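Each residue of the sequence shown is one higher than the one before, counting from 268 in this note's numbering.
Report on the structure given below.
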Amino acid sequence: MKKIYLLVVLISMSLTTVAQTQKYYHDNGNLKAEGSFSDKKQTGEWKFYYESGALNIEGSFINGNRVGEWKFYYENGQIEHIGSYNENQQKIGEWKEFTDDGDLYRIFNYKDGVRHGLMVGYSAPNQLFVEGNYVDGKKNGVWKHYDLTNGYLRKTGTYVDGKESGTWTSYHENGQIRGVEQYENGYRHGQNTSYHKNGKIDESGLYKKGRREGEWLFYDEEGKLIETKLYSEGEVQN
268 MKKIYLLVVL
278 ISMSLTTVAQ
288 TQKYYHDNGN
298 LKAEGSFSDK
308 KQTGEWKFYY
318 ESGALNIEGS
328 FINGNRVGEW
338 KFYYENGQIE
348 HIGSYNENQQ
358 KIGEWKEFTD
368 DGDLYRIFNY
378 KDGVRHGLMV
388 GYSAPNQLFV
398 EGNYVDGKKN
408 GVWKHYDLTN
418 GYLRKTGTYV
428 DGKESGTWTS
438 YHENGQIRGV
448 EQYENGYRHG
458 QNTSYHKNGK
468 IDESGLYKKG
478 RREGEWLFYD
488 EEGKLIETKL
498 YSEGEVQN
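Right, here's the structure in full:
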């Protein structure tokens with residue numbers, strides 16, 4: 268009897284640990300999800316579907332957590348984004364995002380679930396619209412922004428812990444400097460000068476914590492002073 272009892276216990280234990288495949292359905296009868304459970308936790312490869320029947324998401328679970336490479340799809344079958352998770356279900360490494368036409372849109376790098384490392388974005392195939400680095404989830408270092416239509420360098424400057432800092436320079440389409448701005452803790456702070464496309468000064472003055480302050484000078488395209496305004500906390504005083 269003891270041997271029989273022991274056999275029953277062993278069989279019961281094995282049944283609770285063997286992965287059991289399950290299928291779930293949308294109200295319209297199409298498959299919604301399919302995958303396995305082990306000890307009541309999702310395990311192995313799983314697939315999830317749109318109501319239309321098109322594949323939505325696919326990847327693997329370990330002990331109920333997403334682990335390894337996962338793919339997310341648009342309903343038209345194109346990949347929306349793809350990347351990997353660690354054993355704690357945190358994003359790691361390179362994650363790619365695509366448009367519904369299949370063009371690469373953005374690339375982020377992750378460390379333990381937060382953005383860390385190079386980020387690039389594309390407005391068209393092989394045409395950048397932004398590039399820069401994250402450190403522990405915050406923008407840091409030099410970032411560059413490009414025109415969405417023509418691809419020329421539009422603006423560049425530095426982030427410190429997610430905030431604009433120091434000198435930021437913007438450009439006209441012809442390559443001439445459009446503006447030179449000073450930032451401190453994410454606010455425009457200090458001398459600000461903008462330029463016409465021909466290189467002549469357009470306007471010049473100071474910012475204090477994001478607001479215009481003191482005397483501002485305005486010029487026409489020939490470099491002639493045409494107006495002077497006095498500001499206090501961003502408001503014109505004269």
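Heads up, the beta-carbon is just placed ideally off N, CA and C, and yes, glycines get one too.
All values reported here derive from a predicted model rather than from experimental measurement.
Every beta strand (DSSP E) of 3 residues or more that sits fully in the segment 356-443 is shown, in chain order, as 358-365, 371-378, 384-391, 394-402, 405-413, 420-427, 430-438. C-alpha of Y340 to C-alpha of W435: approximately 38 Å in a straight line. Annotation for Q309: the continuous beta strand (DSSP E) segment containing it runs 308-316. Listed in chain order, the non-local C-beta contacts of F375 below 7 Å within the same chain comprise W362, R382, M386, local neighbours out to five positions each way being set aside. Under the three-state reduction of DSSP output, H463 falls in the coil class, being neither helix nor strand. Contact between H293 and E318 is confirmed by a C-beta separation of about 5 Å, below the 8 Å threshold.
Apart from the 5 residues on each side of it in sequence, E480 sits with its Cβ closer than 6 Å to the Cβ of L473, Y498 in its chain, given in chain order. Rounded to the nearest whole angstrom, the CA to CA distance from V447 to F485 is 15 Å.
K476: not part of any beta strand (DSSP E); DSSP gives it neither H nor E.
When only Cα atoms are considered, Q309 and D367 end up about 29 Å apart. Taking C-beta atoms as the reference points, N400 and G384 count as a pair closer than 9 Å.
In the three-state reduction of the DSSP assignment, K290 falls in the strand class. Separation of N297 and Y291 (C-alpha to C-alpha, rounded to the nearest whole angstrom) is 9 Å. Assignment of beta-bridge partners to E451 by DSSP yields Y454. Close CB contacts of Y438 within its chain, under the 8 Å cut and outside five residues either way in sequence, are with Y419, L420, R421, K422, I444, R445 (chain order). Taking all protein chains shown into account, G424 has 16 or more neighbouring C-beta atoms within 10 Å of its C-beta and is therefore buried. The beta-carbon distance between S432 and Y450, rounded to whole angstroms, is 5 Å. This is short enough to meet the 8 Å contact definition. Look at K299 here: in three-state DSSP terms it is strand. Spatial neighbours of V397 in its own chain (CB-CB distance under 6 Å, excluding positions within 5 residues in sequence) are listed in chain order as G388, H412. Sequence-distant Cβ neighbours of T288 in its own chain, meaning closer than 8 Å and more than five residues away, are E301, G302, S303. Spanning the alpha carbons of H348 and K338 requires a straight line of approximately 6 Å. Pairing G335 with K314, the inter-Cα distance amounts to about 14 Å. Leaving aside the five residues that flank N330 on each side, the residues in its chain whose CB is nearer than 6 Å to its CB run, in chain order, K308.
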